[in-house]
Each structure stands twice: as C-alpha cells, then as structure tokens.
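Take a look at the structure below.
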Amino acid sequence: MKSKGWAVVTDFDGTVTLKDVGDVLLRHFNAATREEIENSYAPHVKMEEWMMEYFRPLKIPRKKIEAYVLESTRLRGGFIKFNAFCARRRIPLEIASGGVDLYIDCLLKKWKLRIKSFYGRTRFTKAGILVEYPCLKGATLDVFKAARVSRYQRLGYKVAFCGDGTSDLKAARLADAVFATKRLRRFCLEEGVRNRRLKNFLDVQKFLTQQGK
Ligand SMILES: [Mg+2]
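Start counting the sequence shown at 53; every next residue gets the next number (this note's numbering).
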C-alpha cells in the first residue's frame, strides 16, 4: 500500500498538558492521596476503572471543578502550533485519553482547539460523578489506544504516538515513532522501545517535517 504519510495519536493528561489534570484535581479536592494516585499507575491497574472509582465520591459542583482546572492547568509547549501544522499538512491528529469531558472539554475550549478526541464521559448524579467510557466499547484503555494506532497503520499511515503513562505502553510498542515522557519514557527505556523524549510539540513537528510529511 502506498504510504499516506504520517498520522499522530496522542494521550491527553500529562502529554498535551504538562501535568495529569485528573490526578491534580483529585489531589486538590482530597479525593485521592498521593499514594493512591501512584498506585493507579501500577501495570495491573485498569485506569478506566480507577477513574470511575475515584470520581464517583467527589461531591464538588461542576463549576468549581472547571474553575480550578482552568486556572491550574498548563498546556505543553508548541501544541497549538502543532495542531495548526497538522491541519495545514492534512496530518490526522487525534487524542485518545482515559481522562474525562469534565475537564477536557473546558480546556480544549479555552485553548480554542478542535481536535478529534476520545475520552470518558461524566454525569453528575445523586450517587456522585459517574464516569463512562462509551468509546472503549468494552476494551481496556491501553488496548483502545493501541487500536487507534493500528487503525491508522491499516489505512496506510505511519503513526507517531505521544504519551506519558502506563496505559500508553501498548500503543507505543506498535507506533512507528514514539514521543515519550515520564513513566512511559521509563517503560520504553526498560523494554527497549525506541523513543524520543517529549518536551515540546514543536519537536514532534520538526520530526514530521524531516520525514517529508
Ligand atoms: Mg497521560
């Protein structure tokens, strides 16, 4: 099959943003301890189930959560330009995330980013904040992310994957180029998965430019 050039699949929390927004807000509102958050990254933990468990008891109004997220979250450098670059070059760019609409929607709106995105849905109910992942269709998050990568490859693209966490490792193993930071970078180095350090998205842009598309 003739190559269609590159596509990019990226994680959101800790990748598009500098810190994991979900973790920061659960810490801020005392819904999870530092240790509980650390444990959520153990390889056997299903991130999507962990999110459902820890968001549910959060008794904080939506507006208050959004206000905190908007003031405390920083975008990784270069992402707005990188998004425009991908649009200009017709490079598919999508977000595959275990995060939730509760904070992702207001952040994308603030940064005026319109990007194809997959992430969890929240509902405020009497029983608490319910988190659902309709996009997973029963798969686990790490398998879903890997499936997004292999989907583009089947369509004839080479795929650059960007991520930072445990649930990114399966996708990273399949990708044609990996931009990794934090835990994902450590896992890649341990497992011998070739990767480049993700610091600023302009580095990803430079890489894609050098690749010819
Ligand atoms: Mg992440």
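Quick reminder that beta carbons are idealized off the backbone N, C-alpha and C, glycines included.
Proximity below 8 Å, CB of residue i to CB of residue j
{"i": "residue 247", "j": "residue 128", "result": "no"}
{"i": "residue 212", "j": "residue 60", "result": "yes"}
{"i": "residue 66", "j": "residue 257", "result": "no"}
{"i": "residue 183", "j": "residue 99", "result": "no"}
{"i": "residue 233", "j": "residue 93", "result": "no"}
{"i": "residue 83", "j": "residue 120", "result": "no"}
{"i": "residue 172", "j": "residue 190", "result": "no"}
{"i": "residue 221", "j": "residue 239", "result": "yes"}
{"i": "residue 58", "j": "residue 263", "result": "yes"}
Where residue i sits in the DSSP three-state scheme
{"i": "residue 64", "result": "coil"}
{"i": "residue 192", "result": "coil"}
{"i": "residue 182", "result": "strand"}
{"i": "residue 168", "result": "strand"}
{"i": "residue 261", "result": "helix"}
Reference residue i, options the options, closest by Cα
{"i": "residue 177", "options": "112, 86 and 118", "result": "112"}
{"i": "residue 77", "options": "125, 137 and 135", "result": "125"}
{"i": "residue 73", "options": "62, 105 and 118", "result": "118"}
{"i": "residue 186", "options": "158, 180, 162 and 153", "result": "153"}
{"i": "residue 209", "options": "240, 142, 91 and 105", "result": "142"}
{"i": "residue 69", "options": "122, 204, 241 and 87", "result": "122"}
{"i": "residue 115", "options": "90, 95 and 155", "result": "155"}
{"i": "residue 162", "options": "132, 56 and 145", "result": "132"}
{"i": "residue 56", "options": "87, 206, 136 and 188", "result": "206"}
{"i": "residue 95", "options": "193, 137 and 203", "result": "193"}
{"i": "residue 198", "options": "146, 85 and 158", "result": "146"}
{"i": "residue 110", "options": "79, 136, 137 and 89", "result": "79"}
{"i": "residue 179", "options": "261, 108 and 88", "result": "108"}
Distance between beta carbons of residue j and residue i, contact taken as under 8 Å
{"i": "residue 174", "j": "residue 167", "result": "Incorrect: roughly 19 Å between the Cβ atoms, too far for contact."}
{"i": "residue 224", "j": "residue 236", "result": "6 Å"}
{"i": "residue 148", "j": "residue 200", "result": "5 Å"}
{"i": "residue 214", "j": "residue 63", "result": "6 Å"}
{"i": "residue 259", "j": "residue 229", "result": "7 Å"}
{"i": "residue 254", "j": "residue 134", "result": "7 Å"}
Residue i CB to nearest heavy atom of ligand 3 below 7 Å
{"i": "residue 194", "result": "Among the ligands present in this structure, namely ligand 1, ligand 3 is not found."}
Item to check | Continuous alpha helix (DSSP H) assignments of at least 4 residues falling wholly in the stretch 103-164 | outcome: 114-124, 131-140 and 153-162
Checklist entry - Which residue spans inside the stretch 191-256 form an unbroken alpha helix (DSSP H) run of at least 4? => result 193-206, 221-226 and 234-243
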